[in-house]
Ligand SMILES: NC(=O)c1ccc[n+]([C@@H]2O[C@H](COP(=O)([O-])OP(=O)(O)OC[C@H]3O[C@@H](n4cnc5c(N)ncnc54)[C@H](OP(=O)(O)O)[C@@H]3O)[C@@H](O)[C@H]2O)c1
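In our numbering, the protein residues as written are 186 to 615.
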């Protein structure tokens with residue numbers, strides 16, 4: 186590329202994020218040219234429907250529905266993939282890399298499932314895949330993990346990385362409403378999709394945790410390596426009791442490296458009220474990282490929407506500078522064969538809520554099941570009694586115990602004739 190000549194950008198997708206990227210390229214062209222040292226030129230934009238009304242200010246002549254018109258354009262230097270979904274995005278990214286283009290993507294599913302393969306392919310072709318926007322929207326987290334924290338050995342990360350579920354849990358906690366009402370409110374405000382399962386069942390958080398954990402631990406933590414539970418079983422009652430006990434309930438994504446193996450999980454947890462993560466409310470995201478040199482650091486901010494443009498554009502400028510300065514992509518280190526520790530080996534404290542027959546001796550029977558599995562009870566609180574049904578609700582908090590032992594205890598307790606129902610079972614952080 187001749188010094189000062191334009192860097193050409195192809196855009197795959199012109200939706201929420203793509204429109205933000207296109208209008209930033211068009212409206213801030215002078216500023217970007219100064220920062221990179223040459224102009225950035227939006228050459229081609231792939232969409233599904235050319236007839237759709239658009240307000241990004243893109244010349245309609247640049248729009249195409251034929252992917253080859255973008256991918257096979259030899260004048261392109263950077264391809265920005267903001268279509269979403271695994272396919273055809275994965276094939277298009279591979280194609281662009283094979284043609285020696287830098288790729289910028291916001292696609293968590295593709296990066297979670299295929300990140301190491303795509304990064305390896307990029308290095309073979311002397312280019313890079315940049316994916317800051319795939320986790321945490323506008324919060325810088327990928328770049329700090331790659332650069333600013335690179336001198337640390339990271340022991341764990343804990344994150345609230347799904348704004349939809351954090352909004353729902355915040356409403357349930359603050360207003361005492363049930364899950365369905367909080368979800369409906371989130372959908373009305375545009376924070377939740379009409380089909381919310383990808384968020385509420387924890388899939389979105391699993392993809393993001395896979396990306397963060399792979400980067401933090403220099404290996405490939407695959408989505409299927411991550412234990413997952415969603416938030417749909419939570420009730421207003423759990424939030425009330427958690428608050429009385431001094432906790433907030435959050436959907437946490439946690440990855441920890443211990444003795445050379447990784448445990449990664451996404452599920453609702455009780456977080457002590459004084460912890461910073463307990464105070465991350467609404468659609469905010471936060472990622473806490475612990476490194477040996479740095480100690481703990483927390484990144485927090487809005488995790489979605491137009492702010493994602495900021496992260497995509499930062500990657501576009503980074504790629505453009507690398508191209509303009511003929512700077513080779515940074516080395517990329519990947520260790521194969523790091524073990525994944527099963528969830529059954531987790532040790533933590535537990536909250537268990539159950540309905541039991543309200544009569545003497547019941548507690549002793551339940552305590553025997555706990556003791557028999559070496560699960561030590563820290564406290565038992567009788568919450569509410571139903572005199573007509575002659576049942577009482579118990580909340581049991583355990584000391585630190587092993588997941589497998591607690592699961593076995595719950596199995597045994599639920600078979601007791603005096604136990605009517607296990608209302609809920611949650612892990613406790615901290
Ligand atoms: N929105 C956010 O807040 C946010 C935050 C962080 C990351 N992300 C990620 O950013 C990416 C884009 O999200 P978005 O919200 O901008 O999505 P979106 O609004 O649904 O836009 C998707 C765009 O891609 C085009 N497209 C989709 N499939 C296509 C296909 N097979 N062929 C051609 N064009 C296709 C669509 O074309 P038409 O316009 O013609 O339909 C549309 O322009 C996703 O990976 C998402 O996970 C989004």
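Glycine included, C-beta positions come from ideal geometry on N, C-alpha and C.
None of these values were measured; they are calculated from a predicted model.
Nearest-angstrom Cα separation, counted from residue j out to residue i
| i | j | result |
| --- | --- | --- |
| residue 547 | residue 607 | 14 Å |
| residue 497 | residue 579 | 49 Å |
| residue 387 | residue 271 | 17 Å |
| residue 559 | residue 590 | 7 Å |
| residue 254 | residue 347 | 35 Å |
| residue 278 | residue 318 | 15 Å |
| residue 320 | residue 569 | 42 Å |
| residue 251 | residue 198 | 12 Å |
| residue 528 | residue 572 | 39 Å |
| residue 575 | residue 344 | 42 Å |
| residue 522 | residue 601 | 43 Å |
| residue 535 | residue 436 | 15 Å |
| residue 330 | residue 190 | 32 Å |
| residue 281 | residue 382 | 31 Å |
| residue 333 | residue 476 | 11 Å |
| residue 208 | residue 457 | 43 Å |
| residue 328 | residue 287 | 16 Å |
| residue 519 | residue 499 | 24 Å |
| residue 368 | residue 447 | 33 Å |
| residue 472 | residue 401 | 12 Å |
| residue 380 | residue 304 | 32 Å |
| residue 429 | residue 459 | 13 Å |
| residue 188 | residue 256 | 24 Å |
| residue 418 | residue 234 | 39 Å |
| residue 414 | residue 426 | 20 Å |
| residue 364 | residue 474 | 30 Å |
| residue 557 | residue 533 | 18 Å |
| residue 370 | residue 351 | 13 Å |
Neighbour-count burial assignment, residue i, 16 or more Cβ in a 10 Å radius
| i | result |
| --- | --- |
| residue 561 | exposed |
| residue 389 | buried |
| residue 355 | buried |
| residue 374 | exposed |
| residue 219 | exposed |
| residue 384 | buried |
| residue 585 | exposed |
| residue 567 | exposed |
| residue 203 | buried |
| residue 215 | exposed |
| residue 357 | buried |
| residue 423 | buried |
| residue 544 | exposed |
| residue 507 | buried |
| residue 488 | buried |
Residue i vs residue j beta-carbon contact at 8 Å
| i | j | result |
| --- | --- | --- |
| residue 453 | residue 308 | no |
| residue 232 | residue 211 | no |
| residue 301 | residue 399 | yes |
| residue 598 | residue 554 | yes |
| residue 194 | residue 265 | yes |
| residue 394 | residue 433 | no |
| residue 224 | residue 297 | no |
| residue 440 | residue 341 | yes |
| residue 492 | residue 322 | yes |
| residue 269 | residue 494 | no |
| residue 293 | residue 396 | yes |
| residue 610 | residue 551 | no |
| residue 283 | residue 478 | no |
| residue 263 | residue 243 | no |
| residue 361 | residue 421 | yes |
| residue 285 | residue 246 | no |
| residue 392 | residue 450 | no |
| residue 324 | residue 484 | yes |
| residue 353 | residue 416 | yes |
Anticipated Cβ contact below 8 Å, residue i with residue j, distance rounded
| i | j | result |
| --- | --- | --- |
| residue 504 | residue 313 | 7 Å |
| residue 431 | residue 524 | About 35 Å; that fails the 8 Å criterion. |
| residue 541 | residue 604 | 5 Å |
| residue 376 | residue 349 | 5 Å |
| residue 564 | residue 582 | 5 Å |
| residue 531 | residue 593 | Rounded, the Cβ-Cβ distance is 14 Å, inconsistent with contact. |
Closer than 7 Å: residue i CB and nearest ligand 3 heavy atom
| i | result |
| --- | --- |
| residue 233 | This structure simply doesn't include ligand 3; it includes ligand 1 instead. |
>> Please give me, in chain order, every unbroken run of the alpha helix (DSSP H) with length at least 4 that falls completely inside the stretch 476 to 540.
In response: 493 to 509
>> Suppose only complete runs of 4+ residues qualify. What are the alpha helix (DSSP H) ranges in the stretch 239 to 269, listed by chain order?
In response: If we require 4 residues or more, the alpha helix (DSSP H) runs fully inside the stretch 239 to 269 come out as 252 to 256.
>> If we require 4 or more residues per run, which alpha helix (DSSP H) segments fall completely within the stretch 321 to 360?
In response: 348 to 360
>> If we require 4 or more residues per run, which alpha helix (DSSP H) segments fall completely within the stretch 354 to 404?
In response: 364 to 373, 382 to 385 and 388 to 402
>> Threshold first: 3 residues or longer. Then list the beta strand (DSSP E) segments lying entirely within the stretch 427 to 481, N to C.
In response: 432 to 443, 446 to 457 and 469 to 476
> If you scan the stretch 557 to 600 from start to end, which runs of the beta strand (DSSP E) of 3 or more residues do you find wholly inside it?
Replying inline: 562 to 571 and 576 to 583
> In chain order, which beta strand (DSSP E) runs of at least 3 residues are fully inside the stretch 264 to 310?
Replying inline: 287 to 290
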